[in-house]
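> Numbered per UniProt numbering, the sequence shown spans residues 1 to 144. A virtual CB, placed ideally from N, CA and C, is assigned to each residue, including glycine.
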Amino acid sequence: MDQFKQMTDWKKNLDKFFGENFWNEFDGIIKPTIPQINMYQTENEIMCIVNIPGLNDLNQLNIYVDYATLELRGTIDLQHASGSVIKEEILQGVFEREISLPFPVRADKIKATYKNGLTFIQLHRLISDTSRKNKINVRLLEDE
């Protein structure tokens, strides 16, 4: 049976029983975090580096951004079938992962690239008109 599907089904059943926030306290300890991701933040930007080995076709990976959520869907297929398995730590199969972002991001300014098994996703902070600060220049009025 597909390892990802097995774990996803297991997680969904526990979500129904305990509630969706159940995993937040155990993130990375009990449930596998697949694909693995590193996130880096500056004041107005987020860089995500996602570990997706064996991606031979970029159409196997779907990336969605919705306000402050990053969603990754795809397939990891290492295509190694010769010999018998002695140890298998790199999971293969279909994956789906949602990651909460530290702030809302712009949908029109997203860049994603793939190289050497890593996907780089660059996101930019959404600055709404209501929260944007504008610096006001103060001029000295001269007595006339």
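So is T8 buried or exposed if we call it buried at 16+ other beta carbons inside 10 Å?
Stepping through the sequence shown from its first residue, residue 8 is reached at position 8. Classification for T8: buried.
> Counting only runs of 3+ residues fully inside the UniProt domain "SHSP" (28 to 141), write out the beta strand (DSSP E) ranges in chain order.
The UniProt domain "SHSP" (28 to 141) contains these whole beta strand (DSSP E) runs: 36 to 41, 45 to 51, 61 to 66, 69 to 76, 93 to 100, 111 to 115 and 118 to 124.
> Out of K12, V65, M47 and V50, state which residue places its alpha-carbon closest to the alpha-carbon of A107.
Reading the sequence shown from its first residue, position 107 is the one you call residue 107. Measuring from the Cα of A107, the nearest candidate turns out to be V65.
> Which same chain residues, not among the five before or five after I52, have their C-beta less than 7 Å away from its C-beta?
By one-based count along the sequence shown, residue 52 stands at place 52. If we look at I52 and ignore the five residues flanking it on each side, its Cβ neighbours are P35, L61, G74, I76, G117 and T119.
> When you compare only the Cα positions, how much space is there between A68 and K115?
Working through the sequence shown from its first residue, we reach residue 68 at position 68. Working through the sequence shown from its first residue, we reach residue 115 at position 115. Taking the straight line joining both Cα atoms gives about 25 Å.
> What does a CB cutoff of less than 8 Å around L58 pick up in its chain, not counting 5 residues either side in sequence?
Taking the sequence shown and counting its residues from 1, one reaches residue 58 at position 58. Excluding positions up to five away in sequence, the list reads Y114.
> Are the CB atoms of R125 and N56 within a distance shorter than 8 Å?
Counting from 1 along the sequence shown, the entry for residue 56 is found at position 56. Counting from 1 along the sequence shown, the entry for residue 125 is found at position 125. For N56 and R125, no; Cβs fall outside 8 Å.
> Excluding the 5 residues preceding and the 5 following M47 in the sequence, name in chain order all residues of the same chain whose CB lies nearer than 6 Å to its CB.
Along the sequence shown, read from residue 1 onward, the residue named residue 47 stands at position 47. Result list for M47: Y40 and Q122, in chain order.
> For V105, count neighbouring Cβ atoms within 10 angstroms of its own Cβ and tell me buried if that reaches 16, exposed if not.
In the sequence shown, counting from the first residue as 1, residue 105 sits at position 105. Counting Cβ neighbours within 10 Å, V105 comes out buried, since at least 16 surround it.
> Is the Cβ-Cβ distance between V50 and L78 less than 8 Å?
For the purposes of this step, residue 50 is taken as residue 50 along the sequence shown, with counting starting at 1. For the purposes of this step, residue 78 is taken as residue 78 along the sequence shown, with counting starting at 1. Not in contact: V50 and L78 (Cβ atoms no closer than 8 Å).
> Note down, in chain order, each residue of its chain lying with its Cβ closer than 8 Å to the Cβ of W10, except the 5 sequence neighbours on either side.
Here the question's residue 10 lines up with position 10 in the sequence shown. Excluding sequence neighbours, W10 sits near nothing in its chain.
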